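Visitor: Taken in order, these protein sequences are the chains called A and B.
Residue numbering for the first sequence follows my numbering, starting at 31 and increasing by one per position.
Residue numbering for the second sequence follows my numbering, starting at 336 and increasing by one per position.
What follows is a structure written as structure tokens; I'll ask about it next.
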Amino acid sequence: MNLKDCHNFSDFRKLAKKKLPSPIFNYIDGAADDEITYNRNTSAYNDVDLVPSVLKGVEKVDLSTTIFGKKLDLPFYCAPTALQRLFHYDGERAVGKAAKKFNTMFGVSALSTVSVEEISSLIDTPKMFQFYFHKDRGLNDAVMERVKATKFDVMALTVDTITGGNRERDLRTGFTSPPKLTLSSLFSFASKPMWGINYLTKGKFELPHLQDHVSEGTNIATSIGNYFSSMLDQSMSWKDAEKLCSQWGGHFALKGVMSVEDAKKAIDIGCTGIMVSNHGGRQLDGSRSPFDQLAKIVDAVGDKIDVICEGGIQRGTHILKALSLGAKACSGGRLYLYALAAAGQAGVEKALEQYRAELERDMKLMGCTKISDLNRNNLRFRRV
Amino acid sequence: MNLKDCHNYNDFRKLAKKKLPSPIFHYIDGGSDDEITLNRNTSSFNDCDLIPSILSDVSNVDMSTTVLGEKIDFPLFPSATAMHRLYHHEGERASARAVEKMGTIFGLSTMSTVSIEEIAAINQGPKLFQLYIHKDRGLTDNLIERCKKAGFTSMCLTVDTVVAGNRERDRRTGFTTPPKLTLESLLSFALHPGWTINNLIHEKFKLANIIHMTQKGTSIDKSVIDYINEQFDPAMNWKDAEYCVKKWN
Numbered sequence: 031m032n033l034k035d036c037h038n039f040s041d042f043r044k045l046a047k048k049k050l051p052s053p054i055f056n057y058i059d060g061a062a063d064d065e066i067t068y069n070r071n072t073s074a075y076n077d078v079d080l081v082p083s084v085l086k087g088v089e090k091v092d093l094s095t096t097i098f099g100k101k102l103d104l105p106f107y108c109a110p111t112a113l114q115r116l117f118h119y120d121g122e123r124a125v126g127k128a129a130k131k132f133n134t135m136f137g138v139s140a141l142s143t144v145s146v147e148e149i150s151s152l153i154d155t156p157k158m159f160q161f162y163f164h165k166d167r168g169l170n171d172a173v174m175e176r177v178k179a180t181k182f183d184v185m186a187l188t189v190d191t192i193t194g195g196n197r198e199r200d201l202r203t204g205f206t207s208p209p210k211l212t213l214s215s216l217f218s219f220a221s222k223p224m225w226g227i228n229y230l231t232k233g234k235f236e237l238p239h240l241q242d243h244v245s246e247g248t249n250i251a252t253s254i255g256n257y258f259s260s261m262l263d264q265s266m267s268w269k270d271a272e273k274l275c276s277q278w279g280g281h282f283a284l285k286g287v288m289s290v291e292d293a294k295k296a297i298d299i300g301c302t303g304i305m306v307s308n309h310g311g312r313q314l315d316g317s318r319s320p321f322d323q324l325a326k327i328v329d330a331v332g333d334k335i336d337v338i339c340e341g342g343i344q345r346g347t348h349i350l351k352a353l354s355l356g357a358k359a360c361s362g363g364r365l366y367l368y369a370l371a372a373a374g375q376a377g378v379e380k381a382l383e384q385y386r387a388e389l390e391r392d393m394k395l396m397g398c399t400k401i402s403d404l405n406r407n408n409l410r411f412r413r414v
Numbered sequence: 336m337n338l339k340d341c342h343n344y345n346d347f348r349k350l351a352k353k354k355l356p357s358p359i360f361h362y363i364d365g366g367s368d369d370e371i372t373l374n375r376n377t378s379s380f381n382d383c384d385l386i387p388s389i390l391s392d393v394s395n396v397d398m399s400t401t402v403l404g405e406k407i408d409f410p411l412f413p414s415a416t417a418m419h420r421l422y423h424h425e426g427e428r429a430s431a432r433a434v435e436k437m438g439t440i441f442g443l444s445t446m447s448t449v450s451i452e453e454i455a456a457i458n459q460g461p462k463l464f465q466l467y468i469h470k471d472r473g474l475t476d477n478l479i480e481r482c483k484k485a486g487f488t489s490m491c492l493t494v495d496t497v498v499a500g501n502r503e504r505d506r507r508t509g510f511t512t513p514p515k516l517t518l519e520s521l522l523s524f525a526l527h528p529g530w531t532i533n534n535l536i537h538e539k540f541k542l543a544n545i546i547h548m549t550q551k552g553t554s555i556d557k558s559v560i561d562y563i564n565e566q567f568d569p570a571m572n573w574k575d576a577e578y579c580v581k582k583w584n
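If you want it as structure tokens, here you go:
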């Protein structure tokens, strides 16, 4: 199996599984507790049916949309995710360049393995930075200043990782970054020699935004769950978020909003957008899926801020359904991470092109030629 | 697989399955009839979604709650269950100690294999006794009196076992206490020598609370189902319950 055999999300996942040592694959693939929320994030889309309109003249379809004041060619983008060079040696470089090619938003995590400066020099298309609120306020300020200096377009504050999720697959595999070679995982690393050779020869693994501030920066010999639990500030409040928002002074989003009340408060503190998200099911298992919660949030705040539906998206029709409910755009992590692991930049480009082509085809079949054509008349829910 | 590999409920279940002779594992693991209610008991939680609130300063979390007049450190306590020494030779002693450590209520069954008095000496925390009304009212009175004396903090009367459930797995495995070594189950006991040795070298298995009151206490050559049907009073009504409440006071 290789890149040319990857026709959809599932294929990329299979190829990634073949290429990655199992602790790393399971870090991407796993979620919290029983992974019920993780699965619901995708299956929720199947509880609503599409109702197409016919005979509309659909030879030209415009997929562009505007979020955070930026016009994107696609109504979906690469959500920020951590540690991308663990998945492919090019890491964020590969994903950033692929996003640029499609003129869509590229999200960079505070836990990225390529610096914001380098990303900024590589791509001039819209960029979002995902901020984690650390106990160390010096670190927070320094990160904020660096991102400002590199002219990122959007700052997204993560609000759903106040403590680490219970990612049991990581507990079983002993996932740490850099990987800890326990006896049990050694075989898995040994059986994927290309990954190991690339990891060792393609440049040192670093967390450039943290390494000057914390000893964990250069060598997080801890799980991500532990990192969240020990480094992030659990006292984070609306006041802190408001301060960060004004410190940034540009487009500011909260990533991980699920309740209508919180969505309204986000407007009050000056946010211009929110990501309806449960962190890919990786934090609170049992949490409602973004798609299940989307309509309520759009009804409450959709005319005032950009509502992004994040998580569970594996198909063009999923994007179509979320946009029909009123999301301004969709985003996802696994959406492109399996493709990154499978084949680097070429993989991410192929994945983005497939979602683009699917969405274009689905729009035509729906009888729609632009994003603003999508609305709830396109949908019928099976159960209310 | 061992304790350090147990990250969740399911892992413990797997390890227990490895350690126990199958009739005993299935006595714990089984439900009645087609086990639809057993499964639904857990799956119903999945029909409800959580909607988190964000940015609310969660640096300090207090999980304590007050139930049955007792303040406990976290809002979960192990229900009273029968015959712990079948599952591990320390039985209720082990569970009572662990529960005391967690600062929550320990539930002790009428059908326990360690006595009310011994548990009271081991566990200083809040303790609940699960009472079955026996046909022999003297036995019921005696249990209530002993719990009072031993300082148990609450009494609960079991009202859903007026007749025994149809636990088909027990019928198939021939589960009795002490285990009846049928040909069928013999192999399973032989395959779990650790359990069998512990069962043989430690004190004799007995229903410690009722041993002196009924011959059945010393050696129930009956299945639990038969015991329930013979000893528990199916005529139990609201008057009997009221009597127990008054008696316990």
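Cβ coordinates follow ideal geometry from the N, Cα and C atoms, glycine included.
Computed from a prediction, not measured in an experiment: that's the story for all the values here.
Could you check whether the Cβ of A/Thr-248 sits closer than 8 Å to any Cβ belonging to chain B?
Guide: In this prediction, A/Thr-248 has a pLDDT of 44, which is less than 50 and means its spatial position is unreliable; what the coordinates show is noted afterwards. No, A/Thr-248 does not count as interfacial toward chain B.
Visitor: Taking only the alpha-carbon atoms, compute the straight-line gap between B/Pro-569 and B/Val-497 and give it to the nearest angstrom.
Guide: The alpha-carbon atoms of B/Pro-569 and B/Val-497 are separated by roughly 5 Å.
Visitor: Determine the DSSP secondary structure at B/His-424, reduced to helix, strand or coil.
Guide: Three-state DSSP puts B/His-424 in coil, outside helix and strand.
Visitor: A/Thr-96 to A/Pro-156, Cα distance in whole Å?
Guide: About 11 Å.
Visitor: Under the rule that 16 or more other beta-carbon atoms within 10 Å means buried, what is B/Tyr-422, buried or exposed?
Guide: Buried: at least 16 other Cβ atoms inside 10 Å.
Visitor: Closer than 8 Å by beta-carbon distance: list the chain B residues that pair up with A/Asp-190, in chain order.
Guide: Ordered by position in chain B, the residues that pass the 8 Å Cβ test against A/Asp-190 are Pro-387, Ile-389.
Visitor: With a threshold of 8 Å between beta-carbons, can B/Val-434 be considered close to chain A, or not?
Guide: Chain A, which has no Cβ nearer than 8 Å to the Cβ of B/Val-434, makes this no.
Visitor: State the DSSP-derived secondary structure class of B/Ile-386, mapped to helix, strand or coil.
Guide: Coil, per DSSP.
Visitor: CA-CA distance, A/Arg-197 and B/Trp-573?
Guide: Looking at the two C-alpha atoms, the distance is approximately 48 Å.
Visitor: Does the beta-carbon of B/Ser-414 have 16 or more other beta-carbons within 10 angstroms, so that it is buried, or is it exposed?
Guide: Exposed: under 16 other Cβ atoms inside 10 Å.
Visitor: Go through its chain and collect everything with a Cβ distance to B/Gly-552's Cβ below 7 Å, but skip five positions before and after it.
Guide: Any reading at B/Gly-552 must be qualified, since the residue scores a pLDDT of 46, below 50, and its modelled position is unreliable; the value itself is stated next. Lys-541, Leu-542, Ile-545, Ile-546, listed in sequence order.
Visitor: Mind checking which residues open and close the alpha helix (DSSP H) that includes A/Gly-126?
Guide: Run containing A/Gly-126: 121-131, per the alpha helix (DSSP H) assignment.
Visitor: Residues in the same chain with beta-carbon distance under 6 Å from A/Met-261, minus the five sequence neighbours each way, listed in chain order, please.
Guide: Once the five neighbours on either side are set aside, the close Cβ partners of A/Met-261 are His-164.
Visitor: With a CB to CB cut of under 7 Å and the five nearest residues on each side skipped, what residues in its chain are close to A/Phe-55?
Guide: Same-chain partners within the cutoff: Ala-46, Lys-47.
Visitor: Just to confirm, is the Cβ distance from A/Ile-299 to A/Glu-340 under 8 Å?
Guide: No. Outside cutoff.
Visitor: Just by C-beta distance, which residues in the region 347-377 of chain A are closer than 7 Å to chain D?
Guide: This model lacks chain D altogether; the protein chains it does include are A and B.
Visitor: Establish whether the CB of B/Asp-392 and some CB of chain A are separated by less than 8 Å.
Guide: Yes, because at least one Cβ of chain A sits closer than 8 Å to the Cβ of B/Asp-392.
Visitor: Is A/Cys-301 helix, strand or coil when you go by DSSP?
Guide: Coil at A/Cys-301, not helix or strand.
Visitor: Pick from A/Gly-374, A/Ala-293, A/Arg-123: whose alpha carbon is nearest that of A/Asp-329?
Guide: For the residues A/Gly-374, A/Ala-293, A/Arg-123, the minimum Cα distance to A/Asp-329 belongs to A/Ala-293.
Visitor: Determine the direct distance from the alpha carbon of A/Gln-114 to that of A/Asn-249, and round the result to whole angstroms.
Guide: Any answer about A/Asn-249 is weak, because its pLDDT of 49 lies below 50 and its placement is not dependable; what the coordinates show is given next. Going from the Cα of A/Asn-249 to the Cα of A/Gln-114 covers about 15 Å.
Visitor: If the cut is a Cβ gap below 8 Å, which residues of chain B does A/Glu-198 touch?
Guide: Neighbours of A/Glu-198 on chain B, chain order: His-342, Asn-343.
Visitor: Using a C-beta to C-beta distance shorter than 8 Å, which residues of chain B count as neighbours of A/Met-266?
Guide: Here the neighbours are Leu-390, Asp-392.
Visitor: So which residues on chain B does A/Leu-284 lean against when the C-beta distance must stay under 9 Å?
Guide: Ordered by position in chain B, the residues that pass the 9 Å Cβ test against A/Leu-284 are Ile-389, Leu-390.
Visitor: Between the region 139-151 of chain A and the region 380-392 of chain A, do three or more beta carbon pairs fall short of 8 Å?
Guide: No: the two stretches stay apart, fewer than three of their Cβ pairs being nearer than 8 Å.
Visitor: Determine the closest residue to A/Lys-64 out of B/Leu-403, B/Arg-375, B/Asn-376, B/Asn-381, with distance taken between C-alpha atoms.
Guide: Looking at the sequence shown, residue 64 of chain A is not Lys but Asp. Answer by Cα proximity: B/Asn-381.
Visitor: State yes or no: is the beta carbon of B/Gly-552 nearer than 8 Å to at least one beta carbon in chain A?
Guide: The predicted model places B/Gly-552 with a pLDDT of 46, which falls under 50 and marks its position as unreliable, so this point remains unresolved.
Visitor: Using a Cβ-Cβ cutoff of less than 6 Å, which residues in the same chain neighbour A/Asp-190 once the five nearest sequence positions on both sides are dropped?
Guide: Gly-286, His-309, Gln-313, listed in sequence order.
Visitor: Could you confirm whether any beta carbon from chain B is found closer than 8 Å to the beta carbon of A/Met-158?
Guide: No, A/Met-158 does not count as interfacial toward chain B.
Visitor: Looking at the structure shown, is A/Gln-277 part of a helix, part of a strand, or coil, going by DSSP?
Guide: Helix.
Visitor: So, do the region 83-103 of chain A and the region 145-152 of chain A have three or more beta carbon pairs nearer to each other than 8 Å?
Guide: Cβ pair count under 8 Å is below three, so no.
Visitor: Should A/Tyr-368 be labelled buried (16 or more other beta-carbon atoms within 10 Å of its own) or exposed?
Guide: Looking at its Cβ environment, which holds 16 or more other Cβ atoms inside 10 Å, A/Tyr-368 is buried.
Visitor: Measure the Cβ-Cβ separation of B/Leu-355 and B/His-527 and say whether it is below 8 Å.
Guide: Going by C-beta atoms, B/Leu-355 is nearer than 8 Å to B/His-527.
Visitor: Cutting at 6 Å between CB atoms, please list the residues of its own chain near A/Tyr-119, excluding the five before and the five after it.
Guide: Excluding sequence neighbours, A/Tyr-119 sits near Asn-228, Lys-232.
Visitor: Going by other Cβ atoms of all chains shown within 10 Å of its Cβ, with 16 needed for buried, is A/His-37 buried or exposed?
Guide: Classification for A/His-37: exposed.
Visitor: If you check the beta carbons only, do A/Ala-372 and A/Lys-49 fall under 8 Å apart?
Guide: Contact: yes.
Visitor: Hey, is A/Thr-261's beta-carbon within less than 8 Å of any beta-carbon in chain B?
Guide: Looking at the sequence shown, residue 261 of chain A is not Thr but Met. Answer no: the Cβ-Cβ gap between A/Met-261 and chain B never drops below 8 Å.
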